[in-house]
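Here's the structure, in structure tokens; my notes come after.
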Amino acid sequence: MIVDYLDGSVPTDIEADLCIVGAGAAGIAIARTFIGTSVTVCLVEGGGLSGEEKSQALYEGTSVGCPPFDPGTSRMRVFGGSCNLWGGGCIPLGRQDMSPRDWVPHSGWPLSYDDLEPYYRDAQAYCRIEAHDFSDGSFLGPLARPPLSFDADKLVNQIFARSPILFGQAYRSELDQAPNIKVLLHANLLELVPSPAGSAVLHARIGALDARTGMVRARHYVLASGGIENARLLLSSNSVVPHGLGNDRDLVGRYFMDHPSGTLGTVTTDTPDRLTRPYDRNLGKGPAPVFPEIGLSNDAQRAHRMLSGRVHPFAVEGTVPKGIRALRSFRAALRPPVLDEGSVLEARLCAALKNGPPSGMDTVATGESIGMLALRLGLGVGDIAKAFAHRLIDKPTVKSNHVALVGFFEQAPNPDSRITLGTEVDALGKRKVCVDWRLTSLDRHTYTIAAKLFGNELARACSGSFQLEPWLIGDTDAVPQVHGTAHHLGTTRMSDDPGQGVVDRHCRVHGIGNLHIAGSSVFPTGGWAFPTFTIAALSLRLAETLRALL
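Take the sequence shown: its position 540, counting from 1, is numbered 831 in the working numbering, and each next residue is one higher.
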């Protein structure tokens, strides 16, 4: 059942066999596997069923690194988690992504791709993308359009599937109707309280924004609150162990990674469609379409001793005809206003997270009356007819001769890139997070080499020319012009060696017998792959471990 901790009729203290903190992709995946069993589960969620500014404010924090990083807008505190904002991208990691690489310090998972592959298959059903088979680092198609062919020593086409669901919406009814599952909304974890020796969690102390407090007592506990919050919650659990749970070796919060993204350059060509149309994500068919992405080959990564990455070509529109501008303004004016708090919050966060160059399609209402917009629309009917004819023959509605190349990259594991607790406190009295996001010389080397590989190869494919962005020319010590993509990784990394990681290969926190961690915070490395599919696979693997324990 789903209950609200702000409801005074709900008991302040809860008993369960399993306590999961965080009802996002990971927490929901684990909880679902126990439906209909004798195991009682308490799923603790700090947000409500839709976004709320008061709850979201608990994610605010500070940034002291370079590039800057905003922890308050790069995730969402709500039932369903940050995947309420996701684009649905699912793709497995590849063997090389998970293997030790001698040119990537701290690389290598204690698991292999073959260890994870069966759980990727389980994750297909969870993400509702069962129609597509996959292999090492890619789905297999079929694609709406054939992608470009590349020199396999340089670039490859890797295929991702788009999940059609939001986890909170898709599985809300199941969880609400399950008699052995209790979802607590607006219940925020204040601290995991351990035994005096710190070797087991005794109870979870929880609280709501109305000052109501209580506890959850369970046999086993799972933190599933995201790559930033998992670290914050461990560090904040410090009333018995002053340095925080799982932090005997000062590793909690370290190795913080994202998938840095930035514009790499521009291809000028008479045939921009040749680059952009095969990779247009608006052209997929079916409930769970697949799309290609242009990635660096494993051979190129080894040869140039660089990290993994991908590039997406975005058409840069030329002059937009008056009729098309009028049509876009008219459509924007007809959109219903966004009034409810949850939708406003989602729109604000989506705007903060938006990747890629601005598009002419992102037109907003001009303030003109509907009548005046309709008049302009009528005057531009010739432009609209031409655009319609172009669409019939699979051509873009607005001509362009420029293509912006936007790169998305793996980040090198770096112990100095980290999450710590700041000095300010939130509305619950807990210290806010402080993000020190740092890139290494290997990251900078990757951007420079990859930009040239991507740009030159794509220019060759369309008989065009490539112009590198100024930030990639000259001084390699300059601040890279990249930003995060809200893929928070690595802060409770996985290693069989307690001196190298926070959790073992079963996602159990070293030295604590009944505490596990789910989500991308356990990733030792991240490749370029969208992380949700791997989060789901690891969560289902952890659920199997927990079923054996319980």
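We treat Cβ as the ideally placed atom computed from N, Cα and C, and that holds for glycine. Predicted, not measured: the structure shown is a model, and the values here were computed from it.
query                                                                                                                        : result
Inter-residue Cα distance where the pair is residue 461 and residue 751                                                      : 44 Å
Segment contact flag, the region 568-578 with the region 775-784, C-beta cutoff 8 Å, min 3 pairs                             : no
Neighbourhood of residue 762 by C-beta distance below 6 Å, restricted to the same chain and skipping five residues each side : 772
Own chain, CB closer than 6 Å to residue 397, minus 5 neighbours either side, in chain order                                 : 704
Any non-hydrogen atom of the ligand GTP closer than 8 Å to residue 631 Cβ                                                    : Although the ligand GTP was asked about, the structure shown includes no ligands whatsoever.
Helix, strand or coil at residue 473 according to DSSP, with G and I counted as helix                                        : strand
Of the residues 736, 712 and 565, the one placed nearest residue 439, counting alpha carbons only                            : 565
CA-to-CA distance, residue 811 to residue 327, given in whole angstroms                                                      : 28 Å
Short Cβ contact (9 Å threshold) for residue 407 with residue 832                                                            : yes
Assigned exposure category for residue 549 - 16 Cβ within 10 Å defines buried                                                : buried
Close-in-space but distant-in-sequence residues of the same chain around residue 823 (CB under 6 Å, 5 per side omitted)      : 316
Beta-carbon separation (whole angstroms), residue 783 vs residue 808, contact threshold 8 Å                                  : 5 Å
Residue 527, DSSP secondary structure in three states                                                                        : helix
Beta strand (DSSP E) runs wholly inside the region 524-592, at least 3 long, in chain order                                  : 552-559 and 581-587
Burial state of residue 299 (16 or more Cβ within 10 Å)                                                                      : exposed
Residue 447 - partner residues in DSSP beta bridges                                                                          : 586
Extent of the continuous beta strand (DSSP E) run through residue 758                                                        : 756-759
Residue interval of the alpha helix (DSSP H) (run including residue 795)                                                     : Per DSSP, residue 795 belongs to no alpha helix (DSSP H) and is neither H nor E.
Alpha-carbon spacing of residue 813 relative to residue 607, whole angstroms                                                 : 38 Å
Supposed close pair residue 694, residue 605 - CB separation, criterion 8 Å                                                  : 7 Å
Helix, strand or coil at residue 699 according to DSSP, with G and I counted as helix                                        : strand
Which of helix, strand or coil DSSP assigns to residue 277                                                                   : The question about residue 277 has no answer here: the residues shown for the chain are numbered 292 through 841.
Sequence-distant residues of the same chain with beta carbon closer than 6 Å to residue 492, five excluded per side          : 483, 485, 512, 805 and 806
C-beta atoms of residue 547 and residue 727 nearer than 9 Å                                                                  : yes
Nearest neighbour of residue 740, chosen from 356, 595, 760 and 840 [CA to CA]                                               : 595
Simplified DSSP state of residue 692, which is helix, strand or coil                                                         : coil
Inter-stretch contact (C-beta, 8 Å, three-pair minimum) for the region 342-350 and the region 712-724                        : yes
Those residues which DSSP pairs with residue 354 across a bridge                                                             : 726
Residue burial classification, residue 653 (beta-carbon count within 10 angstroms, cutoff 16)                                : With a pLDDT of only 43 at residue 653, under the threshold of 50, the placement of this residue in the model should not be trusted; the figure read from the coordinates follows. Exposed, since its Cβ has fewer than 16 Cβ neighbours within 10 Å.
Alpha-carbon to alpha-carbon, residue 293 and residue 339                                                                    : 10 Å
Environment of residue 714 [buried if 16+ CB atoms lie within 10 Å]                                                          : exposed
Pick from 306, 325, 297 and 313 that is closest to residue 839, judged by C-alpha positions                                  : 325
Neighbourhood of residue 400 by C-beta, 6 Å cutoff - its chain only, sequence neighbours within 5 removed                    : 389 and 815
Simplified DSSP state of residue 604, which is helix, strand or coil                                                         : strand
With 16 other Cβ atoms within 10 Å as the buried cut-off, status of residue 551                                              : buried
Assigned secondary structure, residue 294 (DSSP; H/G/I helix, E/B strand, else coil)                                         : strand
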